[in-house]
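In structure tokens, the structure reads:
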């Protein structure tokens, strides 16, 4: 009989995300109660690993798409705010100053979200 715990290594030899191994372990415990053949457990392990790899790739694509869109908005927003660099030579109304302040807050929130998503992407992207 094969061992009950998964190796946490994908067929290509790469390490699999630890959460995937937790799911596989939980499924192994449940299957042990059902007394299924080892070949079924092995096939199930492979299926779970493939599903987790697919979910990871899907999340990477979502993050990349969101980061790219957010960066585009940041770039446009910074270009729009360029008149603040010439503030000493211009006279802005109080409303314009409030509008620029709100725009800066929005851009800061956008930059923060972009940074968080980029950090998440770094965590799920394999090192090269």
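Residue numbers (this note's numbering): 1 to 128.
Cβ coordinates follow ideal geometry from the N, Cα and C atoms, glycine included.
Residue i to residue j span [Cα, whole Å]
{"i": "residue 65", "j": "residue 34", "result": "43 Å"}
{"i": "residue 95", "j": "residue 113", "result": "27 Å"}
{"i": "residue 110", "j": "residue 45", "result": "39 Å"}
{"i": "residue 103", "j": "residue 58", "result": "32 Å"}
{"i": "residue 23", "j": "residue 127", "result": "24 Å"}
{"i": "residue 41", "j": "residue 50", "result": "14 Å"}
{"i": "residue 55", "j": "residue 86", "result": "47 Å"}
{"i": "residue 67", "j": "residue 101", "result": "23 Å"}
{"i": "residue 48", "j": "residue 99", "result": "50 Å"}
{"i": "residue 38", "j": "residue 52", "result": "21 Å"}
{"i": "residue 15", "j": "residue 43", "result": "With a pLDDT of only 45 at residue 15, under 50, the local geometry of the prediction cannot be trusted, and the value read off the model is given with reservation. Rounded to the nearest angstrom, the two C-alpha atoms are 18 Å apart."}
{"i": "residue 29", "j": "residue 76", "result": "53 Å"}
Of the listed residues the options, nearest to residue i (C-alpha basis)
{"i": "residue 97", "options": "84, 106 and 127", "result": "84"}
{"i": "residue 81", "options": "106, 40 and 38", "result": "106"}
{"i": "residue 71", "options": "102, 116 and 22", "result": "116"}
{"i": "residue 74", "options": "108, 29 and 43", "result": "108"}
Whole-number beta carbon distance between residue j and residue i, since they are thought to touch under 8 Å
{"i": "residue 26", "j": "residue 125", "result": "Residue 26 to residue 125, Cβ: 26 Å. No contact."}
Check whether the stretch 83-95 and the stretch 117-127 are in contact - that is, three or more C-beta pairs closer than 8 Å. no
At which residue ranges does the stretch 24-111 contain complete alpha helix (DSSP H) runs of 4 or more residues, listed in the order of the chain? 38-80
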